[in-house]
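Notes for the one structure printed next.
Residue numbers (this note's numbering), protein chains in the order written: chain L, 1 to 355; chain Z, 1 to 253; chain Y, 1 to 264.
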């Protein structure tokens, strides 16, 4: 759903570009606080990861497949600032190198897919992790919800921009219904994949999941036959507290609830229209997904148009199927996770620099 | 795969367009697209002229038409979207071939198609005449925050390495008889994604160590800088300059 | 005798409590080529990361050409100790070979023609001058390893530290790298479990086992000591007999100087 040139009028594009630039600038500062001099290599590698993982096909049914958008995943794994940077850089490079997303729409794309997705996902995730019991299962569940809401939230942000600077007078209600409807479906897939991926990381390297760092157990060391607390980590590894964390969480939760309410309002307002537009717009979704066939960068430019035929009525079917499987899938994965807990103590990388 | 260059759109060549400094090209393309987007959609002839301008650039850059057109396919999803517009938009309607279409929807579809296509074509021309490394230098020269350019450059450098790791993991899965065929296999694929993240992150840490070992202390040393002469700038800006004239005519006519 | 590297009483535990070094003592004289042998998990990489101050916080001292490794001289230490990491993809992080080789000297403040000259010289020494403007991922693995060596040589280090230099190299690349290393006139500390390579290149070897130096002597003699080798999980490749190679005189007899005294 990279927005091309001409979708949003010039003044709105420019204004959104300014917003995006400001947010990226703030994230640069924030990321430096979190990672200091490690920012460039780590954020670069994570951006490369997001770029790569968008090519990983998750088969749905009947030859269709979906892939990860990665905003929520980035937010949870590396934190909001670095997350915004990674997604923004991916979008920038896609725009410049592959003409994917218009250059004037770069601000719109970064705002919707980078900033809104990451911020909503992270706020919701942190809020839920605070509220839920301190277990890994909660982290996975929180990831699911965060990713689920982040995708339609991004669609709503786009709708809002469209309301201000859209170039066609389609009724905003219709745009919102179509966008949100489709993106709830996409969001379910995104949520399942994000939750499973976060679960997979947390099973092996819980310390790398930024959003759940404070859930880590204090290490116990065996010294002369006695268990003692490990010394605290070096400052670089410690999560950087937001200035008023509680306020942020509260605000995030409220915002998410409002969004969710808004979403369900529109979704229920015209269920028939929703299905139709969802199916029609499914074309768009499908073609994009299939373009990311397995040879990563190689065939980026060539879209697999023949698959557009398939997509017609499938979006609805996919939605229903994914909903059911996602629910059971998350539950199942979380249960399995518990058996794998505490697996890896020896796998410590020597990288916690103190230099 | 083995593409290596991570940049399929680039076409090696020695045209005058290839030779322009990257930041002038970036600035020119960006300005051009802004002008195109600002043009009133009613001035249909203006978009025709823009297309002619791009065709001239493509000719100067010796980018064959077939190559350019094939790359335009990236726009297909939005064609689908644009086709919908006349059906769903509000307002006055006209009968075309027995279908009732919205006039403003038709204008909207035309607007998105014309501007979107020109935008993609301009970007494709930029990408096909500018090497990756040059693009990064150009961004750096255009005063993009250095940290952002560094992140982009690490992403480019390791994009292939990581997609290659992902490919090897897929081969490993398939060699053990695993073929993801449906939603029930998502958890296995997600484990791949998780493992890929861990590998990427750890590689990031190792790269950082390698950098620190060679004296990195937070800022990249400037090794290359691109510069452009006044002539090169005026050559590059001829494109958006002409386009601006067309745009102004479009508004006044 | 002047020492390039002096390590004494070095002990270190990771933040998770895993202790990797338990008091390491050794020194390397200027111009020597020394192999650091040890099984997986012996603490080799941990030790290497102490040499240029990436890991600190344990006990003991490391001195590079007399300069103690510590916060106050970190820039100078990192210039003096050139570490070639195991995976050249980690080491070659810049978009082109030239920029990668230039990274270290440029970070140290070199500019313009001086920088270019330094880059050319380093690439020349590893025979990679013609690949100057290529992106690293276009090179073969062996070529990438050679460029990785060049990136470090460009900093004109006091001591070159190589982590598993022969890993993943085909026999030809392996020999080419050996020729390059032999042609360099710098102190070399080579961390490896490729025992024939150690024997070929390094007159002297250290065995690091369970976080301490378990043996220090002439490479040939250490490798020929079956009990010692077995005790430290070091195994020679099938059919390889160090005694048959030992008859060959060392290629640069002068460099064996520091390890004399042990039954030479």
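Even glycine gets a Cβ: it sits at the ideal position worked out from N, Cα and C. This structure is a prediction, so every number in the text was calculated from the model and none was measured.
Within-8 Å CB hit, residue 294 of chain Z to chain L: Outside the shown range of chain Z (1 to 253) lies residue 294 of chain Z, about which nothing can therefore be said.
Contacts of residue 95 of chain Y in chain Z (Cβ-Cβ under 8 Å): Per Cβ cutoff of 8 Å: 132, 133, 136, 153, 156 and 157.
Three-state secondary structure (DSSP) of residue 187 of chain Y: Taken through DSSP and simplified to helix, strand or coil, residue 187 of chain Y comes out as strand.
Residues that residue 36 of chain Z contacts on chain L, provided the C-beta gap is smaller than 9 Å: Simply 5, 6 and 104.
C-beta atoms of residue 299 of chain Y and residue 23 of chain Y nearer than 8 Å: With chain Y covering 1 to 264 only, the question about residue 299 of chain Y has no answer from this structure.
Beta-carbon gap between residue 116 of chain L and residue 212 of chain L smaller than 8 Å: Taking 8 Å as the Cβ cut-off, residue 116 of chain L and residue 212 of chain L do not qualify as a contacting pair.
Beta-carbon proximity check, residue 87 of chain L vs residue 114 of chain L, cutoff 8 Å: Contact: yes.
Beta-carbon neighbours of residue 145 of chain Z, restricted to chain L and to distances below 9 Å: Correct list: 24, 25 and 28.
Cβ separation of residue 356 of chain L and residue 76 of chain L, assumed to be a contact under 8 Å, to the nearest whole Å: As displayed, chain L neither begins before 1 nor continues past 355, which places residue 356 of chain L out of reach and without an answer.
In chain order, each beta strand (DSSP E) run of at least 3 residues that lies wholly inside the segment 51-119 of chain Y: The qualifying runs are 59-64 and 81-84.
Coil, strand or helix - residue 17 of chain Y by DSSP: Coil at residue 17 of chain Y, not helix or strand.
Candidates L:146, L:189 and L:108, of which the one nearest residue 161 of chain L by Cα: Here the closest residue by C-alpha is L:108.
Run of the alpha helix (DSSP H) containing residue 164 of chain Z, from where it starts to where it stops: Unbroken alpha helix (DSSP H) run through residue 164 of chain Z: 146-175.
Neighbour flag for residue 251 of chain Y against chain Z, beta carbons, 8 Å: Low local confidence applies: a pLDDT of 47 at residue 251 of chain Y is under 50, so the model's placement there is unreliable, with the coordinate-based value given in what follows. The Cβ of residue 251 of chain Y sits no closer than 8 Å to any Cβ of chain Z.
Residue 119 of chain L CB to nearest heavy atom of the ligand HEM below 7 Å: Of ligands this structure carries none, so the ligand HEM is not represented either.
Per-residue DSSP class, three states only, for residue 130 of chain Y: Three-state result, residue 130 of chain Y: helix.
C-alpha gap between residue 177 of chain Z and residue 171 of chain Z, whole angstroms: Answer to the nearest angstrom: the Cα atoms are 10 Å apart.
Chain-order list of residues whose beta-carbon lies under 6 Å from that of residue 89 of chain L (same chain, five-residue window excluded): The answer, listed in chain order, is 47.
Length of the line joining the Cα atoms of residue 65 of chain Y and residue 33 of chain Y: Spanning the two alpha carbons is a distance of roughly 15 Å.
Opposing strand residues paired with residue 33 of chain Y [DSSP bridges]: Per DSSP, Y:188.
Cross-chain neighbours of residue 200 of chain Z in chain L, by beta carbon under 7 Å: Correct list: 45, 46, 48 and 49.
Chain-ordered neighbours of residue 211 of chain Z on chain Y, where CB pairs are closer than 7 Å: Chain Y residues near residue 211 of chain Z: 93.
Boundaries (first-last residue) of the alpha helix (DSSP H) holding residue 265 of chain Y: The requested residue 265 of chain Y does not occur in the structure, where chain Y is confined to residues 1 to 264.
Secondary structure of residue 32 of chain Z, DSSP reduced to three states: In the three-state DSSP reduction, residue 32 of chain Z falls in the helix class (H, G or I).
Inter-stretch contact at 8 Å, needing at least 3 Cβ pairs: the segment 192-200 of chain L / the segment 185-199 of chain Z: Three or more beta-carbon pairs separated by less than 8 Å link the segment 192-200 of chain L to the segment 185-199 of chain Z, which places the two stretches in contact.
Under the three-state DSSP convention, the category residue 225 of chain Y falls into: Under the three-state reduction of DSSP output, residue 225 of chain Y falls in the coil class, being neither helix nor strand.
Classification of residue 143 of chain Z by the beta-carbon crowding that lies within 10 angstroms, buried from 16 upward: Only exposed fits residue 143 of chain Z, as fewer than 16 other CB atoms lie within 10 angstroms of its CB.
Residue 59 of chain L in three-state terms, based on DSSP: Three-state DSSP puts residue 59 of chain L in a strand.
As assigned by DSSP and simplified to three states, the class of residue 247 of chain Z: Of the three classes helix, strand and coil, the one that applies to residue 247 of chain Z here is helix, per DSSP.
Check whether residue 165 of chain Y and residue 190 of chain Y have beta carbons under 8 Å apart: Residue 190 of chain Y sits close to residue 165 of chain Y, with the two beta carbons spaced by under 8 Å.
Limits of the unbroken alpha helix (DSSP H) element including residue 187 of chain Z: For residue 187 of chain Z, the uninterrupted alpha helix (DSSP H) run begins and ends at 186-213, by DSSP.
Rounded C-alpha distance that separates residue 97 of chain L from residue 33 of chain Z: Pairing residue 97 of chain L with residue 33 of chain Z, the inter-Cα distance amounts to about 15 Å.
Validate contact between the segment 16-28 of chain Z and the segment 211-224 of chain Z using beta carbons, cut 8 Å, 3 pairs: With contact defined as three or more Cβ pairs closer than 8 Å, the segment 16-28 of chain Z and the segment 211-224 of chain Z are not in contact.
Residue 249 of chain Z versus residue 70 of chain Z: straight-line alpha-carbon distance, rounded: Those two C-alpha atoms are separated by around 31 Å.
Distance between beta carbons of residue 154 of chain Y and residue 101 of chain Y, contact taken as under 8 Å: Contact holds; Cβ gap of about 5 Å.
Alpha-carbon to alpha-carbon, residue 189 of chain Z and residue 179 of chain Z: Rounded to the nearest angstrom, the two C-alpha atoms are 10 Å apart.
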